[in-house]
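K.L.:
Going by my numbering, the first residue of the sequence shown is number 16, and it counts up by one from there. Beta carbons are placed, not taken as given, at the ideal position from N, Cα and C, and that holds for glycine. From a predicted model like this one, the values you see are computed outputs, not experimental measurements.
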Amino acid sequence: MSTERTFSIIKPDATRRNLTGAVTAKLEEAGLRVVASKRIHMSKEQAEGFYGVHRERPFFNDLVSFMISGPVVVQVLEGENAVLKNREVMGATNPANADAGTIRKEFAESIEANSVHGSDSAENAAIEIAFFFKPEEIVG
Ligand code: IDP
Ligand code: MG
Numbered sequence: 016m017s018t019e020r021t022f023s024i025i026k027p028d029a030t031r032r033n034l035t036g037a038v039t040a041k042l043e044e045a046g047l048r049v050v051a052s053k054r055i056h057m058s059k060e061q062a063e064g065f066y067g068v069h070r071e072r073p074f075f076n077d078l079v080s081f082m083i084s085g086p087v088v089v090q091v092l093e094g095e096n097a098v099l100k101n102r103e104v105m106g107a108t109n110p111a112n113a114d115a116g117t118i119r120k121e122f123a124e125s126i127e128a129n130s131v132h133g134s135d136s137a138e139n140a141a142i143e144i145a146f147f148f149k150p151e152e153i154v155g
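(1) Going by beta carbon distance, what residues of the same chain come within less than 7 Å of S84, once the five residues before and after it are set aside?
(2) How about the region 129-142 and the region 95-103: do they share at least three Cβ pairs that are nearer than 8 Å?
(3) For my contact list, T39 and V49 are in at a C-beta cut-off of 8 Å; report their separation, rounded to the angstrom.
(4) Quick check on the burial criterion: 16 or more other C-beta atoms within 10 angstroms. Buried or exposed for V68?
(5) Could you give the DSSP three-state label for S52: helix, strand or coil?
(6) F65: beta carbon under 7 Å from a heavy atom of ligand 3?
(7) Could you check how far apart the C-beta atoms of A45 and V104 are, in whole angstroms? I think they sit under 8 Å.
(8) I'd like to check one pair, L92 with T35: are the Cβ atoms closer than 8 Å?
(9) Does the distance between the C-beta of H69 and the nearest non-hydrogen atom of ligand 1 fall short of 7 Å?
(10) Tell me which same chain residues have a C-beta within less than 6 Å of the C-beta of N86, skipping the five on either side of it?
(11) Using three-state DSSP, classify T30 as helix, strand or coil.
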């Protein structure tokens, strides 16, 4: 067990429905601490760059359009095993498969508009955090 950081996005479907606080409460209840947070409206270039690993997937263009359809809240989360803990509280990508009590089960609209992003590894967390935050914007 070790303290680590992960990267989270509250997606446009959640900000549109005024669920920023409700989603953040779930993260905090799971033992994660928000050590950086800002509300932004991503550019197309930012969204394409952030989701670059999915460029060849059939849903890539729709995903980029969705992610720039409204504001998002980008966050750095800190805690014991933060990457795994965040993935657990997020729930499965498809809300139909998500466990009860997870963010996606409670709030997601669809497999695409699924309310949150979370890093899938510590390595990707570091890359994703650096994509949106300067070191001095993270206050643990
Ligand atoms: P994850 O967010 O659970 O890590 P990924 O496979 O990394 O899931 O996919 C990134 C995002 O792309 C998902 O959160 C979702 O918004 C979108 N997505 C994934 N699979 C599909 C799909 O089959 N159709 C439409 N959108 C999808
Ligand atoms: Mg992913």
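P.N.:
Walking through what the data contain:
(1) P27
(2) yes
(3) 6 Å
(4) exposed
(5) strand
(6) Here the bound small molecules are ligand 1 and ligand 2; ligand 3 is not part of this structure.
(7) 4 Å
(8) no
(9) yes
(10) Reading off the sequence, residue 86 comes out as Pro, not Asn. Once the five neighbours on either side are set aside, the close Cβ partners of P86 are T30, R54, H56.
(11) helix
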